Amino acid sequence: MEEKKLDLNSIIGFGLIFVILIWVMYNSQQKEAEEQAKKAQQEQVEAKQKPAPAKVDTTETKTVAPVSDSVQVAQLQSSLGSFAYSASLPSATEAFTTIENEVVRLKIANKGGYIVEAEMKEFEQFRKGSGKTVHLIKDGNADFNIELKTNDNRTLNTRDLFFEPTLTKEGENQVVTFRLKAGANQFLEYRYVLKPNDYMLDFAIRSQGLNTVLNSSNPVNLDWKIKTYRNEKSVSYENRYTELIFEYEGGKDDYLGQGDSKSDDPDDVTYIAFKQHFFTSVLLTDTAFKKATVVSENLVKDEEIDTLFTKQFKASVPLAFKNGELNYDMNWYYGPADYHILNNYDKNLDEIVPLGWGMFGWINRYIFIPTFDLLIGFLPYGIAIIILTILVRLVMSPFTYKSYLSQAKMKVLRPEIQELTAKYAKDPMKKQQETMKLYSKAGVNPMAGCLPAVMQIPVFYALFSFFPSAIDLRQKSFLWADDLSSFDSVIDLPFYIPFYGNHVSLFPILASIAIFFYMKMTTGDQAMSTPPQEGMPDMGKIMKIMIYISPLMMLFFFNNFASGLSLYYFISNAITIGIMLVIKNYIIDEKKIHAQIQENKTKPKTMNRFQRKMQEMMEEAEKQKNLKK
Numbered sequence: 000m001e002e003k004k005l006d007l008n009s010i011i012g013f014g015l016i017f018v019i020l021i022w023v024m025y026n027s028q029q030k031e032a033e034e035q036a037k038k039a040q041q042e043q044v045e046a047k048q049k050p051a052p053a054k055v056d057t058t059e060t061k062t063v064a065p066v067s068d069s070v071q072v073a074q075l076q077s078s079l080g081s082f083a084y085s086a087s088l089p090s091a092t093e094a095f096t097t098i099e100n101e102v103v104r105l106k107i108a109n110k111g112g113y114i115v116e117a118e119m120k121e122f123e124q125f126r127k128g129s130g131k132t133v134h135l136i137k138d139g140n141a142d143f144n145i146e147l148k149t150n151d152n153r154t155l156n157t158r159d160l161f162f163e164p165t166l167t168k169e170g171e172n173q174v175v176t177f178r179l180k181a182g183a184n185q186f187l188e189y190r191y192v193l194k195p196n197d198y199m200l201d202f203a204i205r206s207q208g209l210n211t212v213l214n215s216s217n218p219v220n221l222d223w224k225i226k227t228y229r230n231e232k233s234v235s236y237e238n239r240y241t242e243l244i245f246e247y248e249g250g251k252d253d254y255l256g257q258g259d260s261k262s263d264d265p266d267d268v269t270y271i272a273f274k275q276h277f278f279t280s281v282l283l284t285d286t287a288f289k290k291a292t293v294v295s296e297n298l299v300k301d302e303e304i305d306t307l308f309t310k311q312f313k314a315s316v317p318l319a320f321k322n323g324e325l326n327y328d329m330n331w332y333y334g335p336a337d338y339h340i341l342n343n344y345d346k347n348l349d350e351i352v353p354l355g356w357g358m359f360g361w362i363n364r365y366i367f368i369p370t371f372d373l374l375i376g377f378l379p380y381g382i383a384i385i386i387l388t389i390l391v392r393l394v395m396s397p398f399t400y401k402s403y404l405s406q407a408k409m410k411v412l413r414p415e416i417q418e419l420t421a422k423y424a425k426d427p428m429k430k431q432q433e434t435m436k437l438y439s440k441a442g443v444n445p446m447a448g449c450l451p452a453v454m455q456i457p458v459f460y461a462l463f464s465f466f467p468s469a470i471d472l473r474q475k476s477f478l479w480a481d482d483l484s485s486f487d488s489v490i491d492l493p494f495y496i497p498f499y500g501n502h503v504s505l506f507p508i509l510a511s512i513a514i515f516f517y518m519k520m521t522t523g524d525q526a527m528s529t530p531p532q533e534g535m536p537d538m539g540k541i542m543k544i545m546i547y548i549s550p551l552m553m554l555f556f557f558n559n560f561a562s563g564l565s566l567y568y569f570i571s572n573a574i575t576i577g578i579m580l581v582i583k584n585y586i587i588d589e590k591k592i593h594a595q596i597q598e599n600k601t602k603p604k605t606m607n608r609f610q611r612k613m614q615e616m617m618e619e620a621e622k623q624k625n626l627k628k
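Position 571 of the sequence shown, counted from 1, bears residue number 570 in numbering that gives the first Met the number 0, the numbering being contiguous throughout.
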C-alpha cells in the first residue's frame, strides 16, 4: 500500500481548523463564565430576601444528604440507564464476599461480581516451607466481563458495575448470589455454589426481566483473562508446561502450544482451561459456546528478568439469548492439575494433564500411574521412583538381551564381512548380495539389534511425559533434591549460562555419566560391527561422535528439568549397564555363538518372505546393471 504524505495545502487546512477550534472553545468558556456570574448575583439577591434559617446540628447535616445522593443517581442514570438502580444500593461499594472450604478460598468482588482471589490452601509457592500459598488469582491478574448492549444503544461492561451479594447455605454447600439490578425484579445474576472439600464450584449466569432492557437480537460477549503467576522454582520449566487447552465439537480436545503468541477459533466449545503446569483454572459450560476465540501470549522473554508471570491467557465467547434472557449453567475449577482429581469429575478434564498422545498416554494411564500410586502408598517418593525404574528395566530386559545378542553375532561375523568388503570393493551390488547370503546362512538378522531399541521408545516417551505431569512429586524431597518436580541445585552460580541456567544440578550430571558408559558399551560395539558402505557416510564415526555429544546434550537439556526425571534416567542407565555386563560375562559366550554360526552355515536355509524379496530385488538390479554394460 502506498504511504500517504501531507502536502502544503493539508498543513494549512489543519492549521486553520486548529485556530477555529481554539476560538470556539475560548468563546464558550467566556459565555459560561458570564452565565455563572449572573447566576451567583441572582442567588445573592434571593438570599437577602429570605429569612434566616433555624440552626441545625452539624451531626444531623452529615447524616442527611439527599441532594448529593440524588445528583449521583441522576448522573448514573444518564450513563447507565436502568442499571443505575444497582448503583444506588448500599452494596455499591468496593466490598468482597469470601467463601472457602478445606482446600480453596475464593474472594468475590461486588464490583463486577467475579472472583478476584483464588487461593490453594494446601499448596505452597516455589518450595516447601516458603510460607506463601499458591494463588491462581490475586492483585488484579484476572478479569471476567460480559459486554451488555442496551436497547437505547448503550454499551455496558459488568466489570464496571456493582452487584448485590447474598450469602446463604444449602446443606453443607455455600451459596453466594450476585445480582446486577436494573429494577426491583430486573437483574443479571451470577450464582456460585461451593461444596465441601472440592475445587469445583457450580456457576450460573441468568437474567430476569431484562428483555425490555437489553438488546437480545445478538449474543453478548463474555471475556475471561488471566495473567498466570509463576509458582515453581524454574520459570523456564514451568512455562514449558503452561498452556491453554480447550474441548470442542462434542469431546475433542486441543491446545495452543508454545510460542510468543498463539490463537485459535474453535467451534462448540465446552470447556477452556488456563493451565499453569501443576495448577489450572477451568471454565466449563453445559451449553456449548458456538464459537470461541482463545489466545496465549508468552510473557517470559528473558528468564533472568521475567520471573513473576509466565503467560497471558485470553478467551472470548458469545452468550446467546433464549426468549430474550440469558440462562447458562457452568462450572469453575480452581485447583491442582492432578490426574486423579480431574479424572473423577468425568468431564474429560484428565486431558488437561499432558500424559502423551495415543499409545503413550495409554501406557501412562493404565500402567505407570497405577504402579506409581501403589508404590508411593508405602514408600518414600524417591525410593518409589527407583523401584519403578527397576521394574521397567526388568520388563525390558528381554529386549536388551536380544539387542546385545544381535550385536554379539554381528561382531563374530565382522571378519567375514570385511573380507567381502575387500573382495567386492568395486562392485557394491555384488557385495551387498553376498553379505545378505552370509547373514542368511549364519542365521543372523541385522535388524534384530534395532527392533528391541524401537520397542523401548514408547516406554521412554511415556515416562518422559509422566514425570513432569506427576504433581505427587511436587515439593517431595530425596537426598539432596528438595523438590523432585524441579531441578536439584547443588551449586548456585553468580552468572547465567545460556541454555543451562544459573545453577548446577547433580542428577543430570550423574545421568549424563551413566548414558556415556551405556553408549560406550552399545554404540561402540555396534559401530565396529557395522561395515562402512560405499557412497554412504561412515556410521561408525558418526556413532563414536554421538557417544560424546548425547551426554553433553542431556547435561544441558536436563539441568532445569524435574530431578525425578533425571533420577529415573540415571538409575535406568545404571541398571541397563549392569544387565548388559551380566549378559556379556555370564550369559553370552562369543565362542559358542561363533560355533553356532558355523553350524548354521552347513544347514540348508530357507529364506523368509522379506529375505526372498530383498534377494529378488538385488538380482534384478544386478541384471539391469549387466544389460546397461
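Quick reminder that beta carbons are idealized off the backbone N, C-alpha and C, glycines included.
Note that the coordinates shown come from a computational prediction; the quantities given were computed from them, not determined experimentally.
Between valine 352 and the set Pro457, Asp471, Asn150, Arg205, the nearest pair of CA atoms involves Asp471.
Straight-line measurement puts the Cα of valine 234 at about 7 Å from the Cα of glutamate 302. With contacts defined by Cβ atoms closer than 8 Å, valine 175 and leucine 166 form a contacting pair. The residue from Ser295, Ile136, Phe122 with its alpha-carbon nearest to that of valine 102 is Phe122. Contact between asparagine 342 and glycine 355 does not hold, since the beta-carbon distance rounds to 15 Å and is not under 8 Å. By the Cβ neighbour-count rule, aspartate 345 is exposed, with fewer than 16 other Cβ atoms within 10 Å of its own.
Distance from the CA of aspartate 337 to the CA of isoleucine 98, rounded to the nearest whole angstrom, comes to 23 Å. Leaving aside the five residues that flank aspartate 267 on each side, the residues in its chain whose CB is nearer than 8 Å to its CB run, in chain order, Tyr247, Glu248, Gly249, Ala287, Phe288, Lys289. Less than 8 Å divides the Cβ of threonine 149 from the Cβ of leucine 213. Under DSSP, histidine 502 shares a beta bridge with Asp491. For proline 265, the number of other beta carbons within 10 angstroms of its own is at least 16, and it is reported as buried.
Here valine 102 carries a coil assignment [DSSP, helix/strand/coil].
When only Cα atoms are considered, isoleucine 490 and tryptophan 479 end up about 11 Å apart. The C-alpha of isoleucine 508 is placed about 32 Å away from the C-alpha of glycine 357. Annotated as proximal: phenylalanine 555 and tyrosine 499, with beta-carbon spacing under 8 Å.
Just so you know, the alpha carbons of lysine 543 and aspartate 142 end up roughly 56 Å apart.
Here threonine 292 carries a strand assignment [DSSP, helix/strand/coil].
The DSSP-derived three-state label of histidine 134 is strand.
In the DSSP assignment, phenylalanine 359 falls within the alpha helix (DSSP H) that extends over 358–362. Fully contained in the stretch 536–573 are the following alpha helix (DSSP H) runs of length 4 or more, in chain order: 538–556. Between valine 115 and the set Leu626, Arg153, His134, the nearest pair of CA atoms involves His134. The straight-line gap separating the alpha-carbon atoms of serine 464 and glutamate 169 is approximately 42 Å. Taking the C-beta atoms as reference points, serine 485 is found nearer than 8 Å to glutamate 231.
Taking a 10 Å sphere around the C-beta of tyrosine 113, we find 16 or more other C-beta atoms and assign the residue as buried. When beta bridges are read from the DSSP output, threonine 176 appears opposite Thr165, Arg190.
When the Cα atoms are used, leucine 404 and glutamine 275 turn out to be separated by approximately 46 Å. Boundaries of the beta strand (DSSP E) around glycine 334: 326–335. Going by DSSP, arginine 205 is part of the beta strand (DSSP E) stretching over 199–207. Per the Cβ contact rule, the stretch 289–299 is not in contact with the stretch 194–214 (fewer than 3 Cβ pairs under 8 Å). For asparagine 220, the uninterrupted beta strand (DSSP E) segment begins and ends at 219–228.
Ranked by how close their Cα comes to the Cα of isoleucine 512, the residues Tyr568, Tyr495, Phe494 have Tyr568 in first place.
Using a Cβ distance threshold of 8 Å, threonine 96 and glutamate 118 do not count as a contacting pair.
The C-beta distance from leucine 193 to leucine 105 rounds to 7 Å, short enough to meet the 8 Å contact threshold. Shown here, proline 457 sits in a helix according to DSSP, grouped into three states. Methionine 435 is bridged by DSSP to nothing; it lacks a bridge partner.
Distance between glycine 376 and phenylalanine 367, taken at the CA atoms: about 14 Å.
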